[in-house]
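Trainee:
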Amino acid sequence: AAGGDGGGGGGGGGDTSSGKRSASSSKGGASKKKRVEKYTDNVNFYLLPDDTVDKPLAALDKDLIETTSRITVKALKKFLAKKLNLGKDVHYTAIDLRYNGAPLGNEHEMRFIMNSMARNDKVPRFHYRRRVVL
């Protein structure tokens, strides 16, 4: 009987310690539940100066771009304005971004452009130039 009480006491002690384990494991489980969602829908494309105009803009140091497909044309224009050191007086709206000669709208995301216009190109080439005001 004393052995049973010892086993019972040990079992009770085990319950307490297992209760502590489950509490600590639930805390560990809570931290595991926090998930950081990463977008895996990256796209690759070239950003090249349009050499069909009289005064083309400078070329980027690295013309192959890898970014999320959720980036907008507007964000790419801002990126270009910053990388090309166009100055604070030149706004991103002074840059045209084109694919096959067609201008791209500021609000379009790259995933839309890649799925609708550039679906046959594995790594499409986009050209930029100063906006021509008529």
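So the sequence shown is numbered by the numbering used here: it starts at 3 and just counts up by one. Where is the CB? At the ideal position from N, CA and C, for every residue including glycine.
#1: Hey, would you say Tyr130 sits closer than 8 angstroms to Leu99, going by beta carbons?
#2: Given Arg133, which residues of its chain have a CB within under 6 angstroms of its CB, disregarding the five upstream and five downstream residues?
#3: Which of helix, strand or coil does DSSP assign to Thr54?
#4: By the DSSP assignment, the alpha helix (DSSP H) with Leu78 in it spans what residues?
#5: Tell me whether Val55 is buried or exposed, calling it buried when 16 or more other Cβ atoms sit within 10 Å of its Cβ.
Mentor: Once the coordinates are examined:
#1: yes
#2: Ala96, Asp98
#3: coil
#4: 75 to 85
#5: exposed
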